[in-house]
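Enquirer: Numbering (my numbering), first residue to last: 11 to 615. Even glycine gets a Cβ: it sits at the ideal position worked out from N, Cα and C.
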Ligand code: PEP
Ligand code: MG
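1. Could you tell me whether the region 371-378 touches the region 177-197, using the rule of 3 or more Cβ pairs below 8 Å?
2. Could you tell me which residues DSSP pairs with residue 34 in its beta bridges?
3. For the beta strand (DSSP E) containing residue 189, list its first residue and its last residue.
4. Provide the residue(s) that pair with residue 515 in DSSP beta bridges, ordered along the chain.
5. Any heavy atom of the ligand PEP closer than 8 Å to the CB of residue 445?
6. Excluding sequence positions up to five away, which residues of its chain have a Cβ less than 8 Å from the Cβ of residue 457?
7. Take residue 403 as the anchor and find which of 392, 224 and 430 has the nearest alpha-carbon.
8. Is residue 62 near the ligand PEP, judged by its Cβ being under 8 Å from some heavy atom?
9. If residue 123 and residue 149 are in contact, beta carbons under 8 Å, what's the gap, nearest whole angstrom?
10. Sorry if obvious, but does the Cβ on residue 633 come closer than 8 Å to a heavy atom of the ligand MG?
11. Per DSSP, residue 242 is paired with what?
12. Taking 8 Å as the cut-off, is the C-beta of residue 441 nearer than that to any heavy atom in the ligand MG?
13. Taking the alpha-carbon of residue 580 as reference, which of 590, 587 and 568 has the nearest alpha-carbon?
14. Are residue 206 and residue 180 touching if we call contact CB-CB under 9 Å?
15. On the three-state DSSP scale, how would you describe residue 565?
16. Grouping DSSP H, G and I as helix and E and B as strand, with all else coil, what is residue 326?
17. Should residue 416 go down as buried or exposed, given a rule of 16 or more other Cβ atoms within 10 Å for buried?
18. Note down, in chain order, each residue of its chain lying with its Cβ closer than 6 Å to the Cβ of residue 614, except the 5 sequence neighbours on either side.
19. How long is the line joining the alpha carbons of residue 634 and residue 511, rounded to whole angstroms?
20. Can you give me the Cβ contacts of residue 343 inside the same chain, cut-off strictly under 6 Å, excluding the 5 residues immediately before and after it?
21. Might you give, ordered along the chain, the residues of its own chain that have their beta carbon closer than 7 Å to the beta carbon of residue 226, omitting 5 neighbours on each side?
22. Is it the case that the Cβ atoms of residue 543 and residue 268 are separated by a distance below 9 Å?
23. Is the number of C-beta pairs between the region 66-74 and the region 254-265 that are closer than 8 Å three or more?
24. For my contact list, residue 386 and residue 421 are in at a C-beta cut-off of 8 Å; report their separation, rounded to the angstrom.
25. The ligand MG and residue 515: does the residue's C-beta get closer than 8 Å to at least one heavy atom of that ligand?
26. Just list the residues that DSSP pairs residue 289 with in beta bridges.
27. Based on Cα-Cα distance, which residue from 353, 284 and 360 lies nearest to residue 366?
28. What first and last residue would you give for the alpha helix (DSSP H) that runs through residue 593?
29. Only counting the same chain, and skipping five residues up and downstream in sequence, which positions put a Cβ closer than 7 Å to that of residue 323?
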């Protein structure tokens, strides 16, 4: 490992951020084996008491904040942790270990918590197993304190917004912090299609993922300038480096302002092909930016973010209110609501999803909904109620067989019956579409096109499942590409099948937010895209500068190319003749996504 001040990762959310680094260790810290001399035993017991006292104070503060900002239900997580640390019996046992064995406080604390973990984790009693999660939280906080390592309390210690450095950025962690406390994220794990990366882009927070050894190489508290566009971090930047960063950020924001100016012109190619641009909506705060950027409705509303970071499922009325609010904001346009896509890398506490060896191949998305009909039916009831005064539609994720569509239709019928029985308004119909994001769905595309109201291609998962490459694994980032011929040919097939059946077809995966992706999709005949709110102005600007004839030629070349690199090279060469790629690079993630070069750069870094 080199100790350069400039570190390289994968830029996943554009923009420059400057601030102190707050290093979060999501995993449990390693505890060194340490024996203390007999005369130091009393001091060690006192050190344990002090650490626990200060963690208790921190937990009290967090509990108050959670109660004020989220609700009493969420504050209860901290109740459980506080109770554990106030348990005199438990603490007495840790102290006894220090006294009897001359163990360092952290070693004794770890020893005792591991014992409890083994006892509770193996229990058949569900509530004891739930306590293991609380124990992990407690263990992490106390050990960090005893070992003098920073924790999330440090976020507030600098008195100005910080850059969070972590091993793995999860969707829950991404939305946990107050927006004005965090200006950037850096994580060792993850890639552009990880759900946390998608969220960071939605929030407009610069983010870098796949940065090897970031926890060791970025000292806690050090001043850092990060570039989420190009994926670089400079530790302790010089005044010149800071100046350069400012110039770059100025260019980026100027370009974004320029792009925004065209927000309400309809998207059409230079040869007159109309393209429908909708937006992906993950969090309620994106609603206004999406409308400002001229989205023609919502092409993907990810409902799981109504649950991530909360301990309970949203009530039916709350869901109805939200769907109505979105529909009202985009009156006259459709809102494609995707049923809960939990599992994979999103584990909201309310769903109580047990850990699995292969979560992306496990209990995820439509499987969870069909196995938990009471949860699914509540969501369906909310959709039917909201559809009474808005163009709400339903979209099913991770579908692999037509049976799943049939079963969902049956549950919609059940939800409607229930609403009528309860004397509540219910729309007479609910169009149901399918997210094509598994090779199985491509193979069965003709059947889905005949049965579903519409199709929307989820290129993130379609790539992951086609290539057997984990979409969030930084080590495999160079192998993950929606431009791989095996994906490109499926995209061609889907367009042909949907056109023949006359079934509406869109793309809602991140490929529709990438310049070269848009170019290729246009050339393959796609005319409807749903993009991240921050990418929407760029996608519109591009469409307005490309001709469908050029795109068709580029797509023909791409279809004949033997690998992802050749596909990208062909697209890039043609697109460079039509638009200024450097201009795009200044504002968005680099256009050139040669997977090989990404891999080489990371290994050199
Ligand atoms: C996809 O898989 O491309 C998609 C749009 O869904 P998500 O990224 O939420 O899995
Ligand atoms: Mg998906």
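Expert: Here's the rundown:
1. The answer is no - the region 177-197 does not touch the region 371-378, with fewer than three Cβ pairs under 8 Å.
2. Beta-bridge partners of residue 34 (DSSP): 176.
3. Unbroken run through residue 189: none, as it is neither H nor E.
4. Residue 515 is bridged to 465.
5. If you check the C-beta of residue 445 against the ligand PEP, you find a heavy atom less than 8 Å away.
6. The answer, listed in chain order, is 412.
7. Ranking 392, 224 and 430 by Cα distance to residue 403 puts 392 first.
8. The answer is no for residue 62.
9. Contact holds; Cβ gap of about 5 Å.
10. Here the chain has residues from 11 to 615 only, and residue 633 is not among them.
11. According to DSSP, which records beta bridges pairwise, residue 242 is partnered with 18 and 237.
12. False, no ligand heavy atom lies under 8 Å from that Cβ.
13. Considering only alpha carbons, the answer is 568.
14. Yes, the Cβ-Cβ distance between residue 206 and residue 180 is below 9 Å.
15. It is helical.
16. For residue 326, the secondary structure class from DSSP, reduced to helix, strand or coil, is helix.
17. Residue 416 should be labelled exposed.
18. Residue placement at residue 614 is poorly supported in this model, since its pLDDT is 43, which falls under 50; the coordinates still yield a value, given next. Counting only residues of its own chain and dropping the five nearest sequence neighbours on each side, residue 614 has no CB closer than 6 Å to any other CB.
19. Residue coverage of the chain in this structure runs from 11 to 615, which leaves residue 634 outside it and unanswerable.
20. Result list for residue 343: 306 and 307, in chain order.
21. Excluding positions up to five away in sequence, the list is empty.
22. The answer is no: Cβ separation not under 9 Å.
23. Output reads no: the region 254-265 does not touch the region 66-74.
24. Contact flag correct, Cβ pair sits at about 6 Å.
25. With a cutoff of 8 Å, residue 515 does not count as near the ligand MG, since its C-beta is closer than that to no heavy atom of the ligand.
26. According to DSSP, residue 289 bridges with 308 and 541.
27. Here the closest residue by C-alpha is 353.
28. From DSSP, the alpha helix (DSSP H) with residue 593 extends over 591-597.
29. Answer for residue 323: 317, 360 and 385, listed in chain order.
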